[in-house]
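If you're matching positions, the sequence shown starts at 366 in the numbering used here and goes up one per residue.
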Amino acid sequence: MLAPAPAIDLPETCSARSIRTVAMPPNRRTAPSLNLTDREAIELFARVLKQAGYPGPGAQEVLGKELGVLHRKRDLPLYLRRLSGTPQLKTLVKLFAFQVHVDEKEARSAFAPLELERAADLGVVRIVSTEVVPLISISSFDRLLMAHDRTSTDVRESADPEHVLGISPPTLVLARLIPRQPVDAALDIGTGCGAQALMVAAFCKRVIATDLNRRALNFAAFNALLNDIRNVEFRFGSLFEPVDGESFDLIISNPPYVISPESSYLFRDGGKSADSFCSELIRAIPSRLNEGGFASTLCNWARYSKDEHWSGPVRRWVAGNGCDCWALHGHEHEPIAYAADWNRHRESQAYERALSEWTEYYQKLGICTINSGGVVLRRRQAAKNWFRMDELTERVNPLSSAILRVFQMENWLADISDEELLAQSFSVGEGHCITQTLKPSEGDYAIEQMQVHGNDELGFQASIDPHTFHLLRRCDGRRPLKDVLAEISKFAGIDSAICLQKGVVFVRELLAHGILAPCKLQPQTES
Ligand SMILES: C[S@@+](CC[C@H](N)C(=O)[O-])C[C@H]1O[C@@H](n2cnc3c(N)ncnc32)[C@H](O)[C@@H]1O
């Protein structure tokens, strides 16, 4: 269990008093700031939301899905019908999931016992004559209540450079890449509304969450109070500036990674040339990581030659940095398609203008492809560091236990020589399976293809040849690998030296993906 949490430290930069008061531009739909001083009202607000079932299992049951990134605005009439039996939840969903104005009387009864005026003082709603206008959205994330700027329209339409994003698809991707094991100190760079920081606070003794956007820190601090989380400290500043001289067991960041000629939105544009924001972040991480500590980040990177492997830039960023690196590839983007994805929300002329500006920018820099994905690092300063690449599947399951297994296995593989490997005995990994595709052939069926499917959250699958199949069948945990390979060489008529040489390469691959397991290795699991 974690030690008792220290009182939440809300520095000057995040207190309600010190948040700069910005005159709301006419087109600004967001709340200027949330009041952090009336903690009793925040507690009451949290209780009202939770008791109504917002946005947890109660809402999920009637809505058929969690509120947040996956809900569809077009389905509001459907949701409202489903919610007809739960009037309080219905009102809260209208206000904080769909930004629908509600009648004052209806809001008053939904907020009870929290007085509507007190909720308005918190900054979550505004009372305009007889109507109540929501000023924030609230999503759910890992069973936490997360307040953020309104998402009534596409977030990217917001004219506000300090827009505070909610739970976006990349938020969920980064959450998958975080090893969830108890540690002392964690750092979340670019915390936004605080989603990752508050999630890891459950298993880290102390978390520091930073951002260059004071509005984001205000939301994040509000969310800490809303979820009664007391071991997160919020600091203002760029990258590692706010934590100068400190080091961590876990560093996480979903940075403003978009490669663009603009500096329009803090959440999107890092404001540096090409992929320099991400490269500087990755290059700076090792010196802030404690030995054995993990860092999980999302990144976009530019490639200047199509001949270069997708992992090339990441490899350069981490070369010789004293960390093991697991690069997970999400997508490869043609520059113009990437520009379109980030500008499609604009009205047609602005869209066209942005497409020209962004593609000219890429051409000027010589960028031919943009790649996106995740980078997981672990500091092992005095060790033989390794670099592994995988494709990141579209699933939503956390990869925490797979990360721990992969890092343990890659360390083992980096340290063991081929000779030592041949002397080891292996058994097949639990839970994987092999599928065969049969095709009619000469009055019978012949195996056309065999595929092995991994047992873990990574969704690994690969074609295997009959020799590998026979190798797997013979790995019974009793015989050393060299005996198994000698038997296969005899049985298949393959030269024994070639069989040993190739066998070792295949076995390393099968071990890396959990299809084979060394008999002498205790699996590492989440504690
Ligand atoms: C894509 S959002 C990520 C929000 C949140 N961590 C998540 O996972 O959903 C990027 C965040 O980085 C912040 N940011 C932008 N530039 C920064 C910088 N130089 N240093 C620290 N944070 C920065 C933005 O304000 C924004 O909150």
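Quick reminder that beta carbons are idealized off the backbone N, C-alpha and C, glycines included.
Report the option in the options whose CA atom is closest to the CA atom of residue i.
i	options	result
S618	E756, L865, S670 and L542	L542
G602	L530, L631, P626 and E673	L631
L730	I863, I624, N400 and R473	I624
L803	H797, A811 and G796	A811
P544	A566, H528 and D525	A566
K867	G879, T833, F752 and S765	T833
I594	P607, V572 and R600	V572
A779	I853, I799 and F752	F752
S638	G738, I732 and L582	I732
P499	F461, N736 and G808	F461
R844	L865, D809, A788 and A767	A788
T662	K671, R668, A692 and D672	A692
G421	E408, G658, R508 and P478	R508
A705	H696, E697, T724 and E469	T724
R483	R439, I407 and D783	I407
M815	E405, Q801, V465 and E496	Q801
R491	F506, S504 and E469	E469
S670	Q728, S628 and N588	Q728
Y726	G808, K749, D640 and W682	D640
Consult DSSP for residue i and reduce its assignment to one of helix, strand or coil.
i	result
P390	For P390, the pLDDT reaches just 38, beneath the cut-off of 50, and the residue's location in the model is therefore unreliable, leaving the point undetermined.
S628	coil
Y419	coil
G635	coil
N592	coil
G450	helix
D486	helix
K455	helix
G610	coil
T724	helix
E874	helix
Y622	coil
S533	coil
K671	coil
A574	strand
H694	strand
K749	coil
Q814	strand
G738	strand
R843	strand
L615	strand
T662	strand
T833	helix
Exposed or buried, which one is residue i when buried takes at least 16 other CB atoms within 10 Å?
i	result
I701	exposed
P805	exposed
T402	exposed
F856	exposed
S449	exposed
L786	buried
L443	exposed
Q453	buried
D576	buried
Q561	buried
G341	Any answer about residue 341 is impossible in this case: the structure gives the chain only from 366 up to 892.
N762	exposed
R404	exposed
T536	buried
C438	According to the sequence provided, residue 438 is Lys. The question's Cys does not apply to it. Exposed, since its Cβ has fewer than 16 Cβ neighbours within 10 Å.
Among the residues of its own chain, which have a CB less than 7 Å from the CB of residue i, if the five just before and after it don't count?
i	result
I650	I616, A660 and L742
S792	C840, D841, G842, A882 and C884
L875	L881
T456	V467, E471, A472 and A475
P621	G555, L631, F632, R633, D634, G635 and F642
A581	V529, T556, G557 and C558
A589	I373, G559, L563 and V597
A485	R491 and I492
So, for residue i: in the same chain, excluding its five sequence neighbours on each side, which residues have a beta-carbon less than 6 Å away from its beta-carbon?
i	result
F463	L441
A708	Inspection of the sequence shows that residue 708 is occupied by Asn rather than by Ala. The answer, listed in chain order, is Y716 and A719.
N655	S612 and D614
S737	N665, G695 and H696
L865	L850
Can you find the residues in the same chain that come closer than 8 Å, C-beta to C-beta, to residue i, ignoring five residues on each side of it along the sequence?
i	result
R653	L552, F605, V608, E611, S612, F613 and I616
H797	V817, H818, G819, N820, G879 and I880
A877	R753, V771, M774, E775 and L778
R668	W675, G677, P678, I732, C733, T734, I735 and N736
Are the region 737-744 and the region 683-697 touching, with three or more C-beta to C-beta distances below 8 Å? yes
Contact between the region 673-684 and the region 771-781 is defined here as three or more beta-carbon pairs at a separation below 8 Å; is this criterion met? In short, these stretches do not touch, since the Cβ pair count stays below three.
Closer than 8 Å is the cut-off here; do at least three beta carbon pairs connect the region 502-516 with the region 524-538? yes
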